[in-house]
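Numbered per my numbering, the sequence shown spans residues 28 to 157.
C-beta: ideal position from N, C-alpha, C; glycine also.
Note that the structure is a prediction, hence the values are computed from the model and not measured.
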Amino acid sequence: CALIVNIPEIDDQHAELFARLSKLKDICIEANTLPSGEAESILEILRVHCATEERLAKESGLVFTEHAKKHKRMLTAITKAIKEVQEGKTDVFSVLRYVEYWFERHIAEEDKALGVKLLASVSLCGAKNN
28 CALIVNIPEI DDQHAELFAR LSKLKDICIE ANTLPSGEAE SILEILRVHC ATEERLAKES
88 GLVFTEHAKK HKRMLTAITK AIKEVQEGKT DVFSVLRYVE YWFERHIAEE DKALGVKLLA
148 SVSLCGAKNN
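Structural data, given as structure tokens:
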């Protein structure tokens with residue numbers, strides 16, 4: 028509940044990402060490696076999620092510049108970390124813990140505030156139309 032932002036599209040994507048991370052941990056334990064297709068899948072989910080938030084903010088007329096910069100830095104860092112795992116320079120479980128930690132923190136510190144702003148913009152639009 029602490030990570031719910033009350034925007035169904037965003038909450039659904041958050042839930043999907045956490046489920047995929049859990050599944051990926053199991054796959055990595057079983058295979059003792061990070062399958063490249065699974066790594067790319069996590070990155071794609073993150074890219075889609077970032078694009079969704081950006082789209083919703085734009086549609087609502089919100090300034091999203093700083094939030095988008097944080098997404099870009101995160102995607103760059105995770106892409107680099109996954110490459111290091113694939114090169115044998117970094118432990119996959121450390122990377123997965125980092126992704127989970129970053130995402131939980133980002134939701135609590137950034138996305139919850141975004142959710143409030145998105146809901147407020149919907150309320151304002153509804154009030155203007157009445």
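query                                                                                                                 : result
Which whole-angstrom value is the C-beta distance of L61 and Q113, which I expect to be below 8 Å?                    : 7 Å
Just how far apart, CA to CA, sit A108 and L44?                                                                       : 17 Å
According to DSSP, is G142 helix, strand or coil?                                                                     : helix
Using a 10 Å radius around the Cβ and a threshold of 16 neighbouring Cβ atoms, would you call F120 buried or exposed? : exposed
How big is the Cα-Cα spacing for A29 and D38?                                                                         : 11 Å
Whole-angstrom Cβ separation of K70 and T106, contact assumed at under 8 Å?                                           : Residue identity check: residue 70 is Leu in the sequence provided, not Lys. Contact holds; Cβ gap of about 6 Å.
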